[in-house]
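Participant: Position in the sequence shown (first residue = 1) + 455 = my numbering.
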Amino acid sequence: MRSDDTIFAPASGYGRAAISVVRISGPQSRFILETMAGGVPAPRRLVLRTLRDPANGMPLDEALIAWMPGPESFTGEDQAELHIHGGLATRAAVLKALGSMKDSRAAEAGEFTRRAFLNGRMDLSRVEGLADLIDAETEAQRRQALSQLEGHLGRTAEGWREDILRALALLEASLDFSDEGDVPEDLERDVAQRLETLHRSLETTLANRSGERLRDGLTVVLAGPPNAGKSTLLNALARRDVAIVSPIAGTTRDVLEVHCDLQGLPVVIVDTAGLRDSVDLVEQEGVSRARARAEKADLVLWLVPPEGAEVPPAARQVLRVGTKADLNRNRHDCDLMISATSGEGMAELIARLAETAEASMGQADPLLTRERHRRAMERAHRGVGSAIGLLKIRGPVELVAEEVRLAARALGEITGRVDVEDVLDRLFSSFCIGK
Numbered sequence: 456m457r458s459d460d461t462i463f464a465p466a467s468g469y470g471r472a473a474i475s476v477v478r479i480s481g482p483q484s485r486f487i488l489e490t491m492a493g494g495v496p497a498p499r500r501l502v503l504r505t506l507r508d509p510a511n512g513m514p515l516d517e518a519l520i521a522w523m524p525g526p527e528s529f530t531g532e533d534q535a536e537l538h539i540h541g542g543l544a545t546r547a548a549v550l551k552a553l554g555s556m557k558d559s560r561a562a563e564a565g566e567f568t569r570r571a572f573l574n575g576r577m578d579l580s581r582v583e584g585l586a587d588l589i590d591a592e593t594e595a596q597r598r599q600a601l602s603q604l605e606g607h608l609g610r611t612a613e614g615w616r617e618d619i620l621r622a623l624a625l626l627e628a629s630l631d632f633s634d635e636g637d638v639p640e641d642l643e644r645d646v647a648q649r650l651e652t653l654h655r656s657l658e659t660t661l662a663n664r665s666g667e668r669l670r671d672g673l674t675v676v677l678a679g680p681p682n683a684g685k686s687t688l689l690n691a692l693a694r695r696d697v698a699i700v701s702p703i704a705g706t707t708r709d710v711l712e713v714h715c716d717l718q719g720l721p722v723v724i725v726d727t728a729g730l731r732d733s734v735d736l737v738e739q740e741g742v743s744r745a746r747a748r749a750e751k752a753d754l755v756l757w758l759v760p761p762e763g764a765e766v767p768p769a770a771r772q773v774l775r776v777g778t779k780a781d782l783n784r785n786r787h788d789c790d791l792m793i794s795a796t797s798g799e800g801m802a803e804l805i806a807r808l809a810e811t812a813e814a815s816m817g818q819a820d821p822l823l824t825r826e827r828h829r830r831a832m833e834r835a836h837r838g839v840g841s842a843i844g845l846l847k848i849r850g851p852v853e854l855v856a857e858e859v860r861l862a863a864r865a866l867g868e869i870t871g872r873v874d875v876e877d878v879l880d881r882l883f884s885s886f887c888i889g890k
């Protein structure tokens with residue numbers, strides 16, 4: 456991947472459409488516009504031009520073009536956009552013409568955003584916010600991703616990092632200039648107070664897991680004996696036929712997931728195999744997977760058919776749901792009764808699910824949205840805690856400074872201020888081509 460190449464890619468979806476947007480970024484962007492469009496318009500203004508094939512001058516399309524000179528562009532480089540008609544042949548012809556020009560090539564996945572990061576237009580936390588915004592499926596996910604894209608996490612992490620660096624500067628001063636008169640006598644107490652304040656802030660942030668839960672969705676596992684109505688309930692919640700419904704016991708052999716939007720909150724409904732003893736090896740594997748998913752679920756809906764069911768598997772939270780209420784309502788060991796066929800009790804069940812999701816994700820202003828953020832912040836928290844412990848026992852200042860330095864490095868990983876090449880490769884490979 457050469458950063459001095461000029462890259463191009465469709466930024467809009469594939470398939471037949473009214474308009475297709477093609478993005479161009481790199482040193483040859485201006486030359487491409489001059490060659491294909493006959494000139495460069497005023498910056499950040501759309502103008503109508505005829506695009507021509509650079510090989511023979513034949514017209515390709517009537518298009519709106521835009522010119523965005525660097526560094527005031529998304530990537531920080533000279534950038535252009537071609538708003539062409541969305542027919543497959545038109546788009547193919549324009550992309551072929553772009554690829555024929557010197558030092559111009561098709562972009563790799565996420566390469567535009569990667570250039571924006573490398574050119575200092577975005578920090579790594581904002582890049583992740585952009586990825587989450589593209590993938591957002593619910594209103595709450597959209598709001599959270601937009602907050603991160605706007606730099607909420609990055610600014611906070613950088614503020615903490617600056618606090619750590621100020622404490623580190625004081626520690627370095629005590630090491631290098633201990634004989635100078637302008638070094639405070641109560642320096643260690645000053646450093647300890649700064650670090651204790653920061654330690655509490657990090658601890659409060661780490662205690663809030665609602666951001667990660669909101670990004671991934673609340674996991675609800677449907678569990679119970681065979682023919683308890685799990686697949687029927689899954690279809691009712693998804694409002695479409697997702698799972699096969701059959702009176703034959705043991706129809707569901709594997710785990711089936713459906714992503715739902717409940718009052719703007721993401722919920723992942725998981726259908727599992729009926730829990731029972733079986734001599735069938737395939738069904739045994741399905742039962743084993745069902746139990747494993749139930750143990751890790753945020754909520755298990757333990758479905759109780761008219762003939763009853765055994766004790767539910769171990770889980771964080773279990774809601775006993777009596778199914779097929781239209782056949783038998785006399786079950787007093789259930790939290791609520793439903794009939795996915797007639798719709799009885801479904802409104803109450805959905806309300807209970809939404810209430811659980813709200814309790815899990817509704818904490819205000821979550822900062823951490825990814826496991827990567829949490830791991831980095833946990834290392835920073837440990838480093839600051841170790842430094843405070845050493846100060847309390849009057850340990851060597853060199854060791855205190857090293858712990859503080861490691862904490863600063865960990866916080867720098869959140870925004871990409873330190874070497875995070877492996878993180879970059881994984882992150883940008885998940886982006887769309889053209890972004």
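Each residue gets a CB set at the ideal place from its N, CA and C atoms; glycine is no exception.
1. Going by other Cβ atoms of all chains shown within 10 Å of its Cβ, with 16 needed for buried, is residue 554 buried or exposed?
2. How many Å lie between residue 612 and residue 758 at the Cα?
3. Are the segment 598-605 and the segment 571-588 in contact at 8 angstroms, needing three or more beta carbon pairs?
4. From the DSSP output, which residues share a beta bridge with residue 677?
5. Enumerate in chain order the residues of its own chain whose CB-to-CB distance from residue 482 is below 8 angstroms, with the five nearest sequence positions on each side excluded.
6. Start and end of the beta strand (DSSP E) containing residue 503?
7. Going by beta carbon distance, what residues of the same chain come within less than 7 angstroms of residue 591, once the five residues before and after it are set aside?
8. Kindly indicate which three-state DSSP category residue 638 falls into: helix, strand or coil?
9. Throw me the rounded Cβ distance for the residue 678 and residue 767 pair, which I believe falls under 8 angstroms.
10. Tell me whether the segment 841-855 and the segment 712-722 touch, counting them as touching only if at least three CB pairs, one residue from each stretch, are closer than 8 angstroms.
11. In this structure, how does DSSP classify residue 792 when only helix, strand and coil are distinguished?
12. How many Å lie between residue 745 and residue 565 at the Cα?
13. So, with DSSP's three-state summary, where would you put residue 510?
14. Report the CB separation of residue 831 from residue 868 in whole angstroms; it is logged as a contact under 8 angstroms.
15. To the nearest angstrom, report how far apart residue 535 and residue 488 are at their CA atoms.
16. May I have the straight-line CA-CA distance separating residue 538 from residue 486, to the nearest angstrom?
17. With burial defined as no fewer than 16 other Cβ atoms inside 10 Å of the residue's Cβ, what is the status of residue 752: buried or exposed?
18. If you run the structure through DSSP and keep just helix, strand and coil, what is residue 499?
19. Measuring only the C-alpha atoms, how far is residue 724 from residue 777?
20. Thinking residue 496 and residue 507 are a contact (beta carbons under 8 angstroms), I'd like their distance in whole angstroms, please.
21. Taking contact to mean at least 3 C-beta pairs separated by less than 8 angstroms, is the segment 789-799 in contact with the segment 615-622?
22. Does the separation of the CB atoms of residue 653 and residue 843 fall below 7 angstroms?
23. Give the DSSP-derived three-state secondary structure of residue 653 in the structure shown.
24. At the level of alpha carbons, what is the spacing between residue 718 and residue 781?
25. Where residue 464 and residue 580 are concerned, what is the direct C-alpha to C-alpha distance, given to the nearest angstrom?
26. Using the three-state DSSP reduction, which class does residue 593 fall into: helix, strand or coil?
27. Helix, strand or coil: how does DSSP classify residue 646 here?
28. What does a CB cutoff of less than 8 angstroms around residue 793 pick up in its chain, not counting 5 residues either side in sequence?
29. The alpha helix (DSSP H) spanning residue 671 covers which residue range?
30. Please tell me whether residue 749 and residue 676 are closer than 7 angstroms, where the distance is taken between their beta carbons.
31. Starting from the C-beta of residue 872, find all residues in its chain whose C-beta is less than 7 angstroms away, skip the five residues before and the five after it, and write them out in chain order.
32. Under 7 angstroms between the Cβ atoms of residue 811 and residue 754?
33. Inspect the beta-carbon positions of residue 609 and residue 870 and report whether they are closer than 7 angstroms.
34. For residue 480 and residue 570, which I take to be in contact (beta-carbon distance under 8 angstroms), what is that distance rounded to the nearest angstrom?
35. Please report the residue range of the alpha helix (DSSP H) in which residue 572 lies.
36. So what does DSSP say about residue 713, is it helix, strand or coil?
Facilitator: According to the structure data:
1. exposed
2. 44 angstroms
3. yes
4. 726, 756
5. 459, 461, 532, 533, 558
6. 502-507
7. 597, 600
8. The pLDDT assigned to residue 638 is 48, lower than 50, so where the model puts this residue is not dependable; a value taken from the coordinates is nonetheless given after this. Reduced to three states, the DSSP call for residue 638 is coil.
9. 7 angstroms
10. no
11. strand
12. 36 angstroms
13. coil
14. 4 angstroms
15. 8 angstroms
16. 18 angstroms
17. buried
18. coil
19. 18 angstroms
20. Contact flag wrong, Cβ pair sits at about 16 angstroms.
21. no
22. no
23. helix
24. 27 angstroms
25. 24 angstroms
26. coil
27. helix
28. 688, 776, 777, 778, 780, 799, 800, 801, 803, 804
29. 665-671
30. yes
31. none
32. yes
33. yes
34. 6 angstroms
35. 566-573
36. strand
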